[in-house]
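Notes to accompany the following structure.
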């Protein structure tokens with residue numbers, strides 16, 4: 001029995017999926033599965049995929065590990081190294097089940113890694129889950145732009161932040177001020193939750209904060225000034 005999926009809303013365009021594979025039969029099969037729900041654009045090579053990503057800015061990328069010109073891993077590395085694109089959900093799939101290296105894909109920042117054989121239902125559920133999280137983060141952040149750390153403020157918080165925190169820590173502080181959880185921050189910045197928690201610990205220590213929710217309280221106060 002097929003799981004019903006809601007039709008795309010008339011109030012907003014369907015999410016755009018970039019499918020990257022050099023296998024014509026896989027491309028046709030996946031297009032048939034995805035087209036009733038999503039807008040699907042396709043690329044046969046990583047080079048073409050990179051070009052389309054910059055030109056059309058898809059909501060999610062579904063990429064074959066075994067692409068003809070290079071590999072899905074290399075596409076993932078290229079994407080995660082680009083500050084303007086690193087937040088895009090990226091799902092790898094191994095269509096031949098040849099030496100699937102799931103750990104490598106996840107360590108490089110993939111949001112999921114599907115290994116054949118997998119069903120159309122599994123594919124759709126994976127895409128839905130990643131898109132749901134992606135849209136939640138976009139709504140939380142509003143327009144996606146990195147924190148601009150302000151100069152000196154009347155209460156001195158801007159000075160303290162500039163002097164004591166690294167650029168990365170200051171950006172994470174801004175995200176905390178926006179109400180993002182460690183998991184949300186990790187997903188947006190393509191790092192582990194553990195890494196985010198380490199940053200939070202270091203920020204708390206550098207700012208000499210103590211007590212329950214001290215970091216959140218400081219971040220909210222600082223964020224109000226920053227914006």
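Residue numbers (UniProt numbering): 1 to 227.
Just so you know, even glycine gets a beta-carbon here, dropped at the ideal spot from N, CA and C.
query                                                                                                                                     : result
Apart from the five residues just before and just after residue 218, which ones in its own chain have a Cβ nearer than 7 Å to its Cβ?     : 207 and 209
Could you say which of 83, 133, 87 and 106 lies nearest to residue 229 if we only look at CA atoms?                                       : Since the first residue shown for the chain is 1 and the last is 227, residue 229 is missing from the structure and cannot be characterised.
Do you know offhand how far residue 101's Cα is from residue 74's?                                                                        : 14 Å
Are the beta-carbon atoms belonging to residue 63 and residue 115 less than 8 Å from one another?                                         : no
Can the beta-carbon of residue 172 be found less than 8 Å from the beta-carbon of residue 196?                                            : yes
Would you check if the region 162-169 and the region 50-69 touch, i.e. whether three or more CB-CB distances between them fall below 8 Å? : no
Output yes or no for whether 8 Å exceeds the beta carbon distance between residue 43 and residue 69.                                      : no
Flag residue 63 as yes if its beta-carbon sits less than 8 Å from any beta-carbon of chain B, otherwise no.                               : Within the model displayed, chain B is absent; a lone protein chain is all it includes.
For the alpha helix (DSSP H) that residue 75 lies in, which residues bound it at each end?                                                : 72-80
Checking the sheet assignment: what are the DSSP bridge partners for residue 63?                                                          : 20 and 92
Over the uninterrupted alpha helix (DSSP H) stretch that includes residue 184, give me the two end residues.                              : 182-189
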